[in-house]
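Peer 1:
Numbering (the numbering used here), first residue to last: -19 to 105.
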């Protein structure tokens, strides 16, 4: 179970390089980090650990980030958790599915870490 005195973030990403980079950077800003490498595992982690923030790749094995967002944003227990999707795809091409998902923001890779922090409502000092 999570240390509830410290804010937590769940990173759902199947690219090891991106996952490790985000893990280290979020730990440096003082967040407790939880990780998952596929969509189903990520969804289960949200339900069991209820993080303060969620970052998810849009296209994941077993369950897409879009599907995770849709499930969470339409569930009273999780709808207020800031959720940002990451994608390699053209933003214009996926705008409709992003809008339907209910996610708070979508960022195109590569992105600046400061932009990601801002997307979940955090800023660097």
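Think of the CB as a built atom: it goes at the ideal place given N, C-alpha and C, for glycine as much as any other residue.
In this text the structure is predicted, and so the values were computed from the model without any measurement.
Would DSSP call residue 38 helix, strand or coil?
Peer 2: Here residue 38 sits in coil by DSSP.
Peer 1: Sorted by chain position, which residues of the same chain lie with C-beta nearer than 6 Å to residue -2's C-beta, five sequence neighbours on each side aside?
Peer 2: So the list is empty, once near-sequence residues are dropped.
Peer 1: Pull up the DSSP beta-bridge partners for residue -12, would you.
Peer 2: Paired residue(s): 12.
Peer 1: Can you determine whether any heavy atom of the ligand MN sits closer than 8 Å to the C-beta of residue 29, and answer yes or no?
Peer 2: Looking for the ligand MN in the displayed structure turns up nothing, as the structure carries no ligands at all.
Peer 1: Mind checking residue 56: buried by the 16 CB within 10 Å criterion, or exposed?
Peer 2: Exposed: under 16 other Cβ atoms inside 10 Å.
Peer 1: Could you tell me which of -14, 70, 47, 76 sits nearest to residue 33, measuring between CA atoms?
Peer 2: If we check each option's Cα against that of residue 33, -14 comes out closest.
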